[in-house]
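Take the working numbering: the final residue in the sequence shown is number 257, and no numbers are missing along the way. Report on the following structure.
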Amino acid sequence: MRNMGFGDKWCEWIYRCISTATISVLINGVPTPQFSVVKGLRQGCSLSPLLFNIVGEALHLMIEKGESCGLFSGWRIGRGDYVHNLSDLQFAYDLTIFCGPSLREVENVRRFLRVFEVASGLKLNLKKSCLFGVNVEKQSMIVWAEKINCSMDSFPTVYLELSLGPKTNSFSLWDPIIEKCYGHLSNWKAKQLLISGRLILIRSVLSSLPLYYISLFRMPTRVINKINSIMAGFLWGDSDDHKKTHWIN
């Protein structure tokens with residue numbers, strides 16, 4: 009925090025808020041004696057988002073420093089005069105790092121993360137970490153993943169509930185949304201509800217499902233028609249072997 013320009017008094021306040029905190033655990037409804045927090049931040053603490061962002065910014069600066077020193081390369085995006093080198097992306101506690109297709113760069117990224125672990129006290133969960141390759145031989149990816157002790161995957165995949173890999177106009181990109189529509193609006197639910205209840209369920213559940221995708225991709229006409237078909241079938245009580253008359257289009 010001092011390196012980012014925070015004053016000594018502010019840093020002292022933050023330190024006191026963290027180091028002097030005590031917590032108690034409820035066991036069968038009875039609180040235990042209070043004890044001090046010696047590692048990490050308390051869940052629900054109002055300071056947690058601020059401090060987490062500061063730590064994330066420090067990690068980003070470390071990665072950019074390593075990139076500028078030639079230890080690994082990022083991903084060049086843009087065209088012409090608007091070219092930017094993308095080194096990493098962070099969302100909450102998820103981190104994506106871009107590097108070149110070589111064992112040296114992959115190992116350098118792992119070393120940087122190890123330095124960050126020692127400096128911050130945060131530990132990388134290698135069991136949940138995955139190595140992806142774009143236009144890289146599968147055998148090379150397997151070797152690199154074994155070197156840094158993590159798993160290996162390929163595109164298409166799902167990240168943050170979003171499909172990565174297919175073209176934006178591909179019908180398969182919207183498969184998770186279609187599956188969720190079928191899951192929320194199953195036939196047995198339609199049998200248990202009146203038509204007014206089905207309409208409420210459609211409005212409250214189904215209509216909000218594609219919003220996350222729509223904010224990023226343009227929904228193809230085929231997908232719109234498919235979702236409308238699911239909504240209509242649920243509203244009028246269609247079953248797998250019998251389609252009822254839809255009185256309103």
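We put the beta carbon where it would ideally sit given N, CA and C, even for glycine. Keep in mind the model is a prediction, meaning the values are calculated, not measured.
Residues near residue i by beta carbon distance below 8 Å, same chain, minus five either side
| i | result |
| --- | --- |
| Arg-230 | Phe-179 |
| Cys-19 | Met-9, Arg-10 |
| Val-91 | Arg-84, Ile-85 |
| Gly-173 | Phe-163, Pro-164, Thr-165 |
Buried or exposed (CB count within 10 angstroms, at least 16 for buried), residue i
| i | result |
| --- | --- |
| Cys-107 | buried |
| Val-117 | buried |
| Met-12 | exposed |
| Asp-96 | buried |
| Leu-67 | buried |
Cβ-Cβ distance between residue i and residue j below 8 Å
| i | j | result |
| --- | --- | --- |
| Pro-184 | Ser-171 | yes |
| Phe-60 | Glu-113 | no |
| Trp-182 | Tyr-220 | no |
| Cys-138 | Ser-110 | no |
| Glu-115 | Lys-175 | no |
Which of helix, strand or coil DSSP assigns to residue i
| i | result |
| --- | --- |
| Arg-112 | helix |
| Ser-171 | strand |
| Cys-107 | coil |
| Ser-237 | helix |
| Ile-156 | coil |
| Leu-209 | helix |
| Tyr-90 | strand |
| Ser-204 | helix |
Separation of residue j from residue i, as counted between CA atoms
| i | j | result |
| --- | --- | --- |
| Val-45 | Gly-15 | 25 Å |
| Leu-209 | Val-144 | 46 Å |
| Glu-72 | Gly-82 | 9 Å |
| Gln-98 | Asp-161 | 19 Å |
| Val-63 | Ile-150 | 31 Å |
| Val-123 | Gly-129 | 10 Å |
6 Å CB neighbourhood of residue i in its chain, flanking five on each side removed
| i | result |
| --- | --- |
| Ser-54 | none |
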